[in-house]
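J.:
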Amino acid sequence: MVKIVIVGGVAGGASAAARARRLDEHAEIILLQSGPDVSFASCGMPYFIGGEITDRATMAVQTPKSLHDKLNLDVRVNTRVTNIDTASKKVHASNEVTGENYEESYDHLILAVGAAPFKPPIPGIERDGLFALRNLQDMDAIVAWLDKKTKDVGGNPGDLHCVVAGAGFVGLEMVEQLLNRGTNVTLVEMLPQILGPLDVEMASYLENDLVKRGVDVITGDAIQEFKECKKDPDSSILTLKSGKVLPPAHLTILGLGVRPDTAIIKDAGIECTPRGHIQVNEYLQTSAPNVWAVGDAVEVNNPLLPGEKWPVPLAGPANRQGRMVADNIFSKGRDMRKYKGTYGTSVVRSFQLYAACVGLNEKMMQAKNLPYSCVHVHPGSHAGYFPGAKQVHLKLIFNPLDGKIYGAQAVGEDGVEKRIDVIATAIQGNMTVDDLAELELCYAPPVGSAKDVVNMAGMAAQNIVEGLVTQVEWNQLDTLANDKETVILDVRNAGEIQRMGTLASNAVNIPLDELRKRLDELDKGKHIVVSCASGQRAYYACRILRQHGFEQVDNLGGAFLTSHEVHPAAAGSSTS
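Position one of the sequence shown corresponds to residue 1 (the UniProt record's numbering), numbered consecutively onward.
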């Protein structure tokens, strides 16, 4: 009889245990979990805090009893593993409630220890009212604290000020939910933008929306110190490294990232990276015999950068890894399954907007010095003539030489994750931008267009690969507008410019429909950069100009809708 000990009982650990039981009814499976809950809905915790999820019982997807009854698992909660002896194949465990210490042998050990919230050594970070969010106990403590502070201010949450430190996925979810509770929110992010997996121009759509909703968004700054507020000792005064002092915070959420919870694993001699992530091979085996690892604490292959690895703390990959390890333990002479790697497909909701991404972003491409190009498209989520269409802002990153897809990002109110899921599937299937242009996708007026958003992104990229158009990027606009040898040509209609704003103060406006008749107004010796609202008409204009003898013609990547979102002042202001 095989004996499997699993350390960690949330996503990866619980999946490994469930799959192992289905493969072997007679295996002894022991699951050790440091906290009181197993298989809980960690991704749903911000939504319970904000009140969108109202039933606390639903947050515990499984319980030790349900896992025992359904799967005959020996689940031991409140049990912390204190030592791993890979030579004798034993773990040393301690029950943190009873104080009992004991050893447990194993035939196979699965490490699903996860990652812990990062708490840097900032003075005052241990004060009351400062919370990280890792488990249901943290969630309950935040709800209790908010209820208490709301009562303290006479029941009006509008008198509360909350600070969220860190603008990643969890940070943005907490901003949304704290605002939903009626509190005032300040968001502080050390990076120069929110939501690091997105590139700056894509993250700007969310950042600008937060500002419009009253969130004080501070980027490029970090917390230097937490101090007691003399008027309200429960509140904290936050000083930033820039010297800025925030209003007293009744609650602070520490969303400063996570670190792998691997101290005992490194002590056991199991190979880890300098940052503490467990090193595994393609079968998810560690350096120790019969020891496997899954989830947030492991570093896995990056399929888009052969030979390189990266940590990707997402629930989906953790669940799949857990299942795969169980399959490999019980392979019984069959070839073991290889974990191909993690692509980082993810999505977050921020009020009405959704932001999704997959693969490499532009910052990563630049860091690796890889050849790449980008296209931005801004079509509707479904047919424009059908009511309710919402604009989708999609960025596609690809190799301009062979059309290989490196990554994609999208922001919008509807249909965002659907498009990223399609592109994620295309990436995993080694498809190119040509394939995206030709994909046959569902179409009906309420849900899509005959030429889907994904098709349009593929076609735009195809034009670059085939040399039909060249482009300059949106972030070059300011420099180009000040270049005497460059003409910024805006092919929008005059009414659009009046309503939306100008592209640049010295831009020349010739609407696309008039361009063929007014070619003599342009100097063929100048560099002409063409833009419209979304990029489509500018592409048409580039083709017209190229075929009429204009040799230095570029499309402005992202067009007005991208450049204006990042630098609204530079793009002018609306007069409507």
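The beta carbon of each residue, even a glycine, is placed where N, CA and C say it ideally should be.
1) Return the Cβ separation of Gly344 and Val358 in integer angstroms, given the expectation that the two are a contact with Cβ distance under 8 Å.
2) Take Val205 and list the residues in its own chain whose beta-carbon comes closer than 7 Å to its own, dropping the five residues that flank it on each side.
3) With a cut-off of 8 Å on the beta carbons, I'd call Gly255 and Val164 a contact; round off their distance for me.
4) By the 10 Å Cβ neighbour count, where 16 or more other Cβ atoms means buried, how is Lys231 classified, buried or exposed?
5) How many Å lie between Met431 and Gly158 at the Cα?
6) Since Thr486 sits in a beta bridge, which residues does DSSP pair it with?
7) Going by C-alpha to C-alpha distance, which of Ile30, Gln428, Gln462, Cys532 sits closest to Ala494?
8) Mind the definition here: the stretch 381-397 touches the stretch 329-338 only if three or more C-beta pairs lie below 8 Å; say whether that holds.
9) Asp128 by DSSP, collapsed to three states: which one?
10) With H, G and I counted as helix, E and B as strand and the rest as coil, what does DSSP make of residue 577?
11) Which of helix, strand or coil does DSSP assign to Pro117?
12) Is any heavy atom in the ligand SAM found nearer than 7 Å to the beta carbon of Val153?
13) Is Gln391 helix, strand or coil when you go by DSSP?
14) Ends of the beta strand (DSSP E) at Lys3?
15) Identify the residues that DSSP records as bridge partners of Trp292: which are they?
16) Can you find the residues in the same chain that come closer than 6 Å, C-beta to C-beta, to Thr79, ignoring five residues on each side of it along the sequence?
17) Mind checking which residues open and close the beta strand (DSSP E) that includes Ile218?
18) If the criterion is Cβ atoms closer than 8 Å, does the pair Val453 and Val377 meet it?
19) Roughly how many angstroms lie between the CA atoms of Phe330 and Thr262, to the nearest whole one?
20) At 3 residues or longer, and completely inside the stretch 129-202: list those beta strand (DSSP E) runs for me, N to C.
21) Does the distance from the CB of Phe560 to the CB of Ala461 come in under 8 Å?
22) Compute the Euclidean distance between the alpha carbons of Ser39 and Leu401, then round it to the nearest angstrom.
23) Helix, strand or coil, according to DSSP, for Ser573 in the structure here?
24) Are there 16 or more other CB atoms within 10 angstroms of the CB of Lys89, so buried, or fewer, so exposed?
25) Hey, could you find the ends of the beta strand (DSSP E) Val358 is sitting in?
26) Could you pull out every residue in the same chain whose Cβ sits closer than 8 Å to the Cβ of Arg518, ignoring the five residues on either side in sequence?
27) When DSSP labels each residue in this structure, what does Gln552 get in the three-state scheme?
28) If we count the other Cβ atoms within 10 Å of its Cβ and call it buried at 16 or more, is Val7 buried or exposed?
29) Ala141: which of Asn208, Gly155, Phe48 sits nearest, CA to CA?
30) Between the alpha carbons of Val77 and Gly458, how many angstroms are there, rounded?
31) Specify the secondary structure class of Gly50 as computed by DSSP and reduced to three states.
32) Starting from residue 577, trace the alpha helix (DSSP H) in both directions and tell me its first and last residue.
33) Using three-state DSSP, classify Glu496 as helix, strand or coil.
34) How long is the line joining the alpha carbons of Pro446 and Gly429, rounded to whole angstroms?
35) Please report the Cβ distance between Val291 and Thr82, rounded to the nearest whole angstrom; I am assuming they are in contact, meaning their Cβ atoms lie under 8 Å.
36) Just the C-alpha distance for His548 and Lys241, rounded to the nearest angstrom, thanks.
T.: Well, looking at it:
1) 6 Å
2) Inspection of the sequence shows that residue 205 is occupied by Tyr rather than by Val. Excluding residues within five positions, the ones whose Cβ falls inside 7 Å are Leu353, His393, Val411, Glu565.
3) 6 Å
4) exposed
5) 50 Å
6) His527
7) Cys532
8) no
9) coil
10) Coverage of the chain is limited to positions 1 through 576, which leaves residue 577 absent and any answer about it impossible.
11) strand
12) Questions concerning the ligand SAM fall outside what the structure shown contains, since it holds no ligand whatsoever.
13) strand
14) 3-7
15) Ile110, Gln285
16) Leu32, Ala93, Asn95
17) 216-219
18) yes
19) 26 Å
20) 161-165, 184-189
21) no
22) 46 Å
23) Unreliable positioning characterises Ser573 in this predicted model, as indicated by a pLDDT of 38, which lies under 50. The coordinate reading is nonetheless provided below. Coil at Ser573, not helix or strand.
24) buried
25) 353-359
26) Ile510
27) coil
28) buried
29) Phe48
30) 50 Å
31) helix
32) Outside the modelled stretch of the chain, which goes from 1 to 576, sits residue 577, for which no answer is possible.
33) helix
34) 28 Å
35) Wrong, their Cβ atoms sit about 16 Å apart, outside the cutoff.
36) 55 Å
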